[in-house]
Every structure is written in structure tokens, then in C-alpha cells.
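Undergrad:
Protein chains: 2
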Amino acid sequence: MPYSYLKPLLDNNGSKIILLVLDGLGGITTTPDSKTALEAATTPNLDRLAREGSLGQTIPIRYGITPGSGPAHLALFGYEPLEYVIGRGALSAAGINLPVNAGDIAARGNLCTFDANGNITDRRAGRISHEEAAPVIAKLDQVQVPGVEVDVRQVKEYRFVIVMRGEGLTPHLNDTDPQEVGVPPLKVEAQNKGAEKAAQLMGKWIEEATKVLADEPVANGFLLRGFATDPGLPSYQSAYELEAACIAEYPMYKGVSRLVGMEILDLVGPGTQGEFETAKKHWEGHDFFFIHIKKTDSYGEDGNLDGKSKILEEVDQALPTLLELNPDVLIVTGDHCTPCVLKSHSWHPVPFLLWAPKTHRTDLETSFTERNCARGGLGTFPAVETMSLALAHAGRLNKFGA
Amino acid sequence: MPYSYLKPLLDNNGSKIILLVLDGLGGITTTPDSKTALEAATTPNLDRLAREGSLGQTIPIRYGITPGSGPAHLALFGYEPLEYVIGRGALSAAGINLPVNAGDIAARGNLCTFDANGNITDRRAGRISHEEAAPVIAKLDQVQVPGVEVDVRQVKEYRFVIVMRGEGLTPHLNDTDPQEVGVPPLKVEAQNKGAEKAAQLMGKWIEEATKVLADEPVANGFLLRGFATDPGLPSYQSAYELEAACIAEYPMYKGVSRLVGMEILDLVGPGTQGEFETAKKHWEGHDFFFIHIKKTDSYGEDGNLDGKSKILEEVDQALPTLLELNPDVLIVTGDHCTPCVLKSHSWHPVPFLLWAPKTHRTDLETSFTERNCARGGLGTFPAVETMSLALAHAGRLNKFGA
């Protein structure tokens, strides 16, 4: 459960919270005179909120730890990421709304290419198109073995999810993906005694499915990884008494949102403006909105500082659409940093802006940048405290003790 | 036990520490141009200490959690407030120096008014005066049931404490106060099997006591809440090797101080100056002084910013009395914030000033305000670290490890 001390204090007062996550928001500069994408961007609206509200910076997981997107979002949602570990399989299945219940096992799959000796020559089957991959994956979905039920669904292009349902299954199986070419796939094996039945059934299914793909010209094999079951996350409703909605373009973020019981909203249009308009459309029906902007991270991974700055300016320009909704609390932050200099996720503290016009404390900072956030009134704190701060500033937490 | 790693490091060097708690000290401004009471107050002495020493800000309990006075003070005293939970009954009994030992049960009581059908019409019996309530509460003290001993003592006006002593009592009983009018009081019931004997005896006492008050014109009933027993807090002497004294006007703060083994000093005069003179008088006999100023909180709760500023100025003007004692460590902080804007306790970080002329580290901050504390050299830290910092700066902690 997210912090169990919160639950007895909850006061569902109908106030509304927006958590705007700019994926990979923070950057770094390695010299005093250079600028991060956030510093380079012209963001008058964010700077105004920074002047009025409180800044701070979060540690996503622990000091020095670079998070993947799953644990980074779990932390923002208030779920201690070292305690709640979601297997990749369960996360991917949730992303495409394929149910994984307790006792089911799910895994991520890639179509791949084998040579005549059964060695892998391409781990992604030449990155074949979505349309080419679809019938191959449909063939996999037909493969069944006695005693269990198997569902296989395409995610995107050569990527799919497999879910096996039956009695006595546990997900403690090793990946079959060896993460290299020139070798055969690994055999699926039980990592403990309890998983032997699952290993045997999954092994059988792999054997049958491999035969079925043997005649495919390119995608004549597949690799599985991230075996997992339902992580059993408490819902936002039970943990926070919040009717939460997710506004995101990418399956991964919808997946983790679905696992905490958020309703996944259909977007009314493309891009940032489309996402913000979606919040406007559904404003009455929910009291918590998680809005996810992906491109800040993508440009960070590409090392494209101008591109990242432009997206930040796009967000800033669209911000009035959210502000006109009069949220009680608006938090703008990232799940982790993706510095353009590093072209990857990083462990650096993440800029955090809290604006709650009735309850925030104005600090001395006057613009929304990494360097200002480091001096902000909220200090440097674990990302997993985000929901506690959101609930408090929304007036949704009663006093603790007399 | 407060941090068990402290105990082996303790070095009782005779140095002296003052912990000056300005209740509800911190405020908020929700716009850049307005001022908190602390910012509005003219406090040259505190600002000098801020220039010389270190500032910081504390999180009283956890991020976003608004504390009651009990847990907030426990944290300042070094007792993890989520671990050491003091029931209201035990705290109230300690406040009036009514012993509650392990196995006794204590509760807070209110005199109230019932109508002819036994429904509550006023939960505070029309707030009858201390003098009017005294004989009614004295009647309750006469009521006894076989097998236990009962003490009832007036706290103030219509408020009293009841302590029941006997074999096999545990405090897991529900409140009889329904927290509303127009309904009868709740029956006292056991919250688990072990509390059934206590429930039966307390029920019997309530029955008898209710008969005794039946003829009273106004206060013809009573409500009980916060059943609790001795929380068994380790003493300051055993945890810190400190001979601690409490200088406070209000029973509640004397109560929590008594529970950690502080000596409660009689005040030599009224107001802040009276409290500081009390420290002067007893300076030789103790090495730790907890001094509690209540009115900062009271004015905060009233939303009276001028009043709160004035009290802060009064404290500032009286400060030389403390400084002339040459304390080794002087900490000035609050137990929580009570922003005038919110008229209530809050979760915001609390300003913290540490002045220890031989050991503090001067930081860049030059005045004692919320916004400066947010940038202070001590950072943002849990209030429960206060005693560790106090002991360290007093030279009372040896090195950990070789």
C-alpha cells in the first residue's frame, strides 16, 4: 500500500489535482555557461507558476539510481519502487489492455530471425513492419498446449505479449532472449522449484510455436523476456480515494496507469494540446489527471537539445488550457532526467514545480529551471512523496494525531 | 528508543542546550509579494543568530502530513512519531500530572448535555465555566465500581481525565463521543478480545456515573474519547543522558514533556519573558531546556498575522535573557506550521535555526524567514533529527566507528 498512514487521514473534498509529467524533463550542463533544454526554452507560463508556487527536485528511486520508466512512474504515483516491482511482461500486457490476473504469467516477445542452425541472426527480425508482423503474430496466437490457455497479442511492429493462464503457474522463469546474435535462444527454465510446471508448459508452447513459424521467410522465430504476473498494486481509489484518469499517447504509460486503477482516456487530438483538451473534456468526471508528455524524453535520448526545448515551449504555450480548468493542485515534473548530453535516462534530481494557489508557499525562485529547482522551497525529496504533497496541497489530508 | 545508534556515542560533557519551540512558527504566502508573520516581524536578534548560525527546515512527520501537537513534539524530542503513538487520554493525564502506569487506562472526557431522551444536545455542556464544572466532575470522581480504582480530574472548564486502574485492562476501547448532536452517546465496546474486561468495567462505570449526573441542570452527561495507556517512552535521561527541563504554560506540552522524563518547572512570571527568566533561575540544575511558546500557534489559528508577528517580536526582544546564559546550542524552531492564511496547522516545512557558536557552520542566509530557511545550510530534514543535531553541536556525540 502507498504509505499506510495516509489512508486514515483521507478527506475526499472533491478538489482536483493535475500531475503533468514531462518524460525525461531534467537535463544537465557540465559547464557553468551552457544551458539545459529547460533553461534554453522560453517558458513564461511555467516561470510564472514557479514565481508563485514552490520548486524542488525529486530523487526518482534512490541517489545515483537511473530508473526505467516503470519504476519512475510508480514512484510518482506513490508506490515505493523497490517494493512494487512490475515485471516487464505484466506492464506490456497492461499497456495493450490484455488482462493478467494473479496466477497468470505474461512475457514480452520479439519476433526474430534464425539461421538454418537455429542461431539468431537478427533479434528483431529485420524490424519488419507492423503489417508484415501482424499475420505472423496471429499464427502464434493459434498455438495452444493442453492444460493452459494462451493469448498472444501484437504490441507494435515485431513486438508482442504472451499471456498463459492455468493452474499452478508462477512467473519465475528465465528469459529465452540471450541478448546477442550468433547463438540459439535460451531454454526457458524454472528459477525455483515452484515454477517447474510453468517452465514445462511454456517450454512445450515454445516448441510448438517454433514449428509453426519455421516456414516464415524473415520472422521465423521469437524471443521471450520479462516473465511476470499481476503485481497486485492497490488502486488509486483504495489508496487515495481518487477517481484518476490517465492521458497518455504511449502504451507503456497507459499500462502502468491501468495497473493502479486509472481510467485511460481516449485522446481528443494529437500532441500536447490534444492531451490538454482531453483533460478539459473529462474534467467533471475525475479528480486526478495524470498527463504524460513523451517527446521531452525522446528528444533527450536523441541528444536533440533544440527539439527538447521546442517541446517544452509547446507545453508552456498549451498550459493555459489546463490553468483555465482551475485545478486545486498542478504539479509539473518529470519521471527522471534524460540529459541531451548523455542521450539516456539518468539519476540526476528531477525538476519539480508545485502550484496550488490556495495552499502553496511561495519561495524565492523565479523561473522553472534545474538550477532554480535545486534551491526551491520544497527541497530535494524522494519522488515517492509526490502524492502526499499533492493530496496535502489539495486539502485532502486531515491532521495526524491530536 | 530514539535512534539507538546515538546511545553508544553519548558523551555527557556538561554542555547546555536550549530548544525554543515557537508553536506553529511557520506560515505561507501564496503570492510573491505578500509576507508571512515571520517575514513581517522585526527580529534583529533572531536575524543575527541566522547570520551567524545555520538555517534549515524540517518535515514534522512526513511530507504532506499535518501533525497534531503531540506527534509534532515527539518528533522534535527525537521519538519517531509513527512508532510512538501516544493516546489522547495518556497525554491529557500527563498534562495534569495524573499518573498512568502500564496496565492503567486513561481517557479524555467532556461534560455534555442530554435531552429527556438521552440524546446529546451540547457536546460541551454549554461550555460551562471552570467553577461550575468543578463540583460536577468531583461527583464523577466519587463513582467507583468493584474490581478497579477510578480517578477523575478536571483539566479545564468542562474537560476532564479519567484513569481506571486494575488487573487485566487494555485500552482498545472505542470513544463514546459520537462527535455529533441529536444522537445518544456510543456504547463503549472492546476493539479486540483482550479488551473485553476493560469494556465491561468501563461500561459499568459509565452506567453508574450517568445516574449520578442525571439531576444536573446543564452538565447531565459526559463523553469519553482517546482511551490509552502509558506509552512507555524512554526518558531523556536514558536516551540522551540529559537532565531535561520543560518550560511551558499549557498542560498538553507539559504532558508530553513529562512522558519523556523532563522536569516541569514552575514559571517565575507570565509570558515569554517569564519563561526565559525561568530558564535563568534553573540554569545550573539542568542541561537541556525545552521552552514552549504557545501564542504563535494561537494567533495562527485565529488568522491574526499582526498578532503572530507581535509575539515573534516579543520573543526576539526577550532573547538576550537566554543568550546571556551562554547556551552551547540554541535551536529556534516550531513543531509545525500554522499559516494565518489557513488558520490551522499545516504540513509545510518548518523554519529551523541552529546557533552553536563553537560548532555551527555559518551559511549564506542572513535572516530568519521561511524563504531563507528553505535555502539554509542544514537543508530540509525530518524533525526527528533535531535531537541528533542538538547533541552533536553540543559536543555530546563521539565518533561512530574507527
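For the record, the sequence lines run as chains A and B. Start counting the first sequence at -8; every next residue gets the next number (my numbering). Start counting the second sequence at -8; every next residue gets the next number (my numbering). Backbone N, C-alpha and C define an ideal beta-carbon position, used for all residues, glycine too. Predicted model, so just to flag it, every value in this text is computed and none were measured.
Under a Cβ-count criterion, where at least 16 other Cβ atoms within 10 Å of its own Cβ denotes burial, should residue 319/B be classed as buried or exposed?
TA: When all chains shown are included, residue 319/B counts as buried.
Undergrad: Counting pairs of beta carbons, one from the region 345 to 365 of chain B and one from the region 317 to 332 of chain B, are three or more of them closer than 8 Å?
TA: The region 345 to 365 of chain B, when compared against the region 317 to 332 of chain B, does touch it at the 8 Å Cβ threshold.
Undergrad: What does residue 287/B touch in chain E if you count any residue whose Cβ is under 8 Å from its own?
TA: As a matter of chain content, chain E is missing from the structure shown, whose protein chains are A and B.
Undergrad: Using C-beta distances below 8 Å, list every residue in its chain close to residue 19/A, excluding the 5 sequence neighbours before and after it, in chain order.
TA: Result list for residue 19/A: 27, 328, 330, 332, 333, 337, 339 and 361, in chain order.
Undergrad: Would you say residue 273/A and residue 236/A are within 7 Å of each other, going by their C-beta atoms?
TA: Yes. Within cutoff.
Undergrad: Could you give the uninterrupted runs of the alpha helix (DSSP H) lying entirely in the region 96 to 184 of chain B, keeping only those of 4 residues or more?
TA: Runs found: 121 to 133.
Undergrad: Is there a Cβ of chain B sitting closer than 7 Å to that of residue 393/A, yes or no?
TA: Chain B, which has a Cβ nearer than 7 Å to the Cβ of residue 393/A, makes this yes.
Undergrad: Between residue 164/A and residue 247/A, what straight-line distance do the alpha-carbon atoms span, to the nearest angstrom?
TA: Going from the Cα of residue 164/A to the Cα of residue 247/A covers about 22 Å.
Undergrad: Pick from 43/B, 150/B, 191/B and 52/B: whose alpha carbon is nearest that of residue 76/B?
TA: Of 43/B, 150/B, 191/B and 52/B, the residue nearest in Cα terms is 52/B.
Undergrad: In this structure, how does DSSP classify residue 328/B when only helix, strand and coil are distinguished?
TA: It is a strand residue.
Undergrad: If we count Cβ pairs, one from each stretch, closer than 8 Å, do we get three or more for the region 124 to 140 of chain A versus the region 166 to 178 of chain A?
TA: Output reads no: the region 166 to 178 of chain A does not touch the region 124 to 140 of chain A.
Undergrad: Please state whether DSSP places residue 197/A in a helix, a strand or coil.
TA: Of the three classes helix, strand and coil, the one that applies to residue 197/A here is helix, per DSSP.
Undergrad: Can you check whether the C-beta of residue 59/B is within less than 7 Å of a C-beta belonging to chain A?
TA: Yes - at least one Cβ of chain A is within 7 Å of the one on residue 59/B.
Undergrad: Find the residues of chain B that neighbour residue -4/A, judging by a C-beta separation of less than 9 Å, and give them in chain order.
TA: Chain B residues near residue -4/A: 52, 53, 56 and 73.
Undergrad: Which residues bound the alpha helix (DSSP H) around residue 341/B?
TA: Premise fails: residue 341/B lies in the beta strand (DSSP E), 341 to 346, not in any alpha helix (DSSP H).
Undergrad: Quick check: what's the CA-CA separation for residue -7/A versus residue 15/A?
TA: C-alpha separation (whole angstroms): 24 Å.
Undergrad: When the distance is taken between beta carbons, is residue 69/B closer than 7 Å to residue 82/B?
TA: No. Outside cutoff.
Undergrad: Could you spell out where the beta strand (DSSP E) holding residue 388/A opens and where it closes?
TA: Run containing residue 388/A: none; DSSP gives neither H nor E here.
Undergrad: What separation, rounded to the nearest whole angstrom, lies between the Cα atoms of residue -3/B and residue 386/B?
TA: Taking the straight line from one Cα to the other gives about 13 Å.
Undergrad: Taking 7 Å as the CB-CB cut-off, is residue 62/B touching chain A?
TA: Taking Cβ atoms only, chain A reaches closer than 7 Å to residue 62/B, which makes this a yes.
Undergrad: In chain B, which residues lie less than 8 Å from residue 351/A when you measure between Cβ atoms?
TA: Those within 8 Å of residue 351/A in chain B are 19 and 21.
Undergrad: Give the residues of chain B in contact with residue 383/A, contact being defined as C-beta atoms less than 9 Å apart.
TA: Correct list: 54, 55, 56, 57, 337, 338 and 339.
Undergrad: Since residue 292/B meets chain A, which of its residues come closer than 8 Å, beta carbon to beta carbon?
TA: Residues of chain A passing the Cβ test: none, with the nearest at roughly 12 Å.
Undergrad: Distance cutoff 7 Å, beta carbons only. Does residue 387/B sit that close to anything in chain A?
TA: It does not: the Cβ of residue 387/B has no partner Cβ on chain A nearer than 7 Å.
Undergrad: Would you please verify whether the beta carbon of residue 34/B is less than 7 Å from any beta carbon of chain A?
TA: No - not a single Cβ of chain A is within 7 Å of the one on residue 34/B.
Undergrad: At a Cβ cut of 7 Å, what residues of the region 369 to 381 of chain B count as close to chain A, listed as they run along the chain?
TA: Going along the region 369 to 381 of chain B in chain order, one finds 370 and 371 with a Cβ nearer than 7 Å to chain A.
Undergrad: Rounded to whole angstroms, what's the CA-CA distance from residue 145/B to residue 86/B? Just pull it up for me.
TA: In a straight line, the C-alpha of residue 145/B is about 11 Å away from that of residue 86/B.
Undergrad: Buried or exposed, going by whether 16 or more other CB atoms sit within 10 Å of the CB of residue 205/A?
TA: With fewer than 16 Cβ atoms within 10 Å of its Cβ, residue 205/A is classed as exposed.
Undergrad: Threshold first: 4 residues or longer. Then list the alpha helix (DSSP H) segments lying entirely within the region 199 to 247 of chain A, N to C.
TA: The qualifying runs are 227 to 231.
Undergrad: Hey, does residue 390/A have any beta-carbon neighbour from chain B nearer than 7 Å?
TA: Yes, residue 390/A lies at the interface with chain B (some Cβ there is under 7 Å from its Cβ).
Undergrad: Could you tell me which residues DSSP puts in a beta bridge with residue 337/A?
TA: Beta-bridge pairing links residue 337/A to 328/A.
Undergrad: Can you list, in chain order, the residues of its chain with a C-beta nearer than 6 Å to that of residue 195/B? Leave out the 5 residues immediately preceding and following it.
TA: 136.
Undergrad: Mind listing the chain B neighbours of residue 362/A? Cutoff is C-beta to C-beta under 9 Å, in chain order.
TA: By Cβ distance, chain B contributes nothing, its closest Cβ being about 13 Å from residue 362/A, past 9 Å.
Undergrad: Would you say residue 366/A faces chain B, with C-beta separation under 7 Å as the test?
TA: It does: the Cβ of residue 366/A has a partner Cβ on chain B nearer than 7 Å.
Undergrad: Going along the chain, which residues of its own chain have a beta-carbon closer than 7 Å to the beta-carbon of residue 356/A, five neighbours each way excluded?
TA: Excluding sequence neighbours, residue 356/A sits near 41, 46, 363, 366 and 367.
Undergrad: Taking three-plus beta-carbon pairs below 8 Å as touching, is the region 261 to 272 of chain B in contact with the region 103 to 114 of chain B?
TA: No, the region 261 to 272 of chain B is not in contact with the region 103 to 114 of chain B.
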